[in-house]
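A.B. asks:
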Amino acid sequence: MKLLFEERKRKENIERILKEEMELAEAKDQFILSIQHHLRTPLGPVRGYLERILEGTYGKEENPIIREKLVEIKKSIDNLYSLVESLLDLQELRLKKGKLNLEDCQIENLIESVVEECLPLAQEKGLLSKI
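Going by the working numbering, 916 is the number at position 21 of the sequence shown; the sequence numbering is gapless.
1) Alpha carbon to alpha carbon, how far is N1004 from K964?
2) On the premise that I972 lies in contact with L938, defined as a C-beta separation below 8 Å, what is that separation, rounded to the nearest angstrom?
3) Do Q931 and L982 have their C-beta atoms within less than 7 Å of each other?
4) Report the three-state DSSP secondary structure of D999 (helix, strand or coil).
5) Are L945 and K969 close, meaning C-beta to C-beta below 7 Å?
6) Going by the beta-carbon positions, is the gap between L934 and V979 smaller than 7 Å?
7) Less than 7 Å separating the beta-carbons of R947 and E956?
8) By how many angstroms is the C-alpha of S1008 removed from the C-alpha of L1016?
9) Would you tell me roughly how many angstroms separate the C-alpha atoms of N996 and I927, rounded to the nearest one?
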């Protein structure tokens, strides 16, 4: 009788733990979707305004330094937007709602892009980077 009671308690405990884990997983999924939404929503208009500024829609920017910095800002925002999209893609894959498409890439281009993005900050801090 005591063994039966203990077995039932263990089963109830396991069921409770599984339920808690499922609730935590659901909360995590909702958190990720919320973060993704709250990051992507303001980036859209910022990207759009920067594109129009760089295209000269609001007037031509004559100062080459300001224009260069605007281009750098645009690249950074595009990278952040891409990261947010990747977060959503990973979440969809995790939930098995998405399909993973593997493709070849030019690693040299990727490395060059990262170096190009990090170089101004490295120069500001007096660091040298050579590849």
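Think of the CB as a built atom: it goes at the ideal place given N, C-alpha and C, for glycine as much as any other residue.
C.D. replies: Looking at the coordinates:
1) Residue numbering aside, residue 1004 sits at position 109 when the sequence shown is read from its first letter. Residue numbering aside, residue 964 sits at position 69 when the sequence shown is read from its first letter. One C-alpha to the other measures close to 21 Å.
2) On the sequence shown, residue 938 is found 43 positions in, with the first residue counted as 1. On the sequence shown, residue 972 is found 77 positions in, with the first residue counted as 1. That belief holds up - the Cβ atoms of L938 and I972 are roughly 6 Å apart, short of 8 Å.
3) For this step, residue 931 is matched to residue 36 along the sequence shown. For this step, residue 982 is matched to residue 87 along the sequence shown. Going by beta carbons, Q931 and L982 fall inside the 7 Å limit.
4) Stepping through the sequence shown from its first residue, residue 999 is reached at position 104. Here D999 sits in coil by DSSP.
5) Counting from one through the sequence shown, the residue named residue 945 turns up at place 50. Counting from one through the sequence shown, the residue named residue 969 turns up at place 74. Yes.
6) For the purposes of this step, residue 934 is identified with residue 39 of the sequence shown, where counting begins at 1. For the purposes of this step, residue 979 is identified with residue 84 of the sequence shown, where counting begins at 1. In this structure, V979 lies closer than 7 Å to L934 by Cβ.
7) By 1-based counting over the sequence shown, the position of residue 947 is 52. By 1-based counting over the sequence shown, the position of residue 956 is 61. The answer is no: Cβ separation not under 7 Å.
8) By 1-based counting over the sequence shown, the position of residue 1016 is 121. By 1-based counting over the sequence shown, the position of residue 1008 is 113. Distance between the alpha carbons of L1016 and S1008 is about 14 Å.
9) Here the question's residue 996 lines up with position 101 in the sequence shown. Here the question's residue 927 lines up with position 32 in the sequence shown. Going by C-alpha positions, N996 is about 22 Å away from I927.
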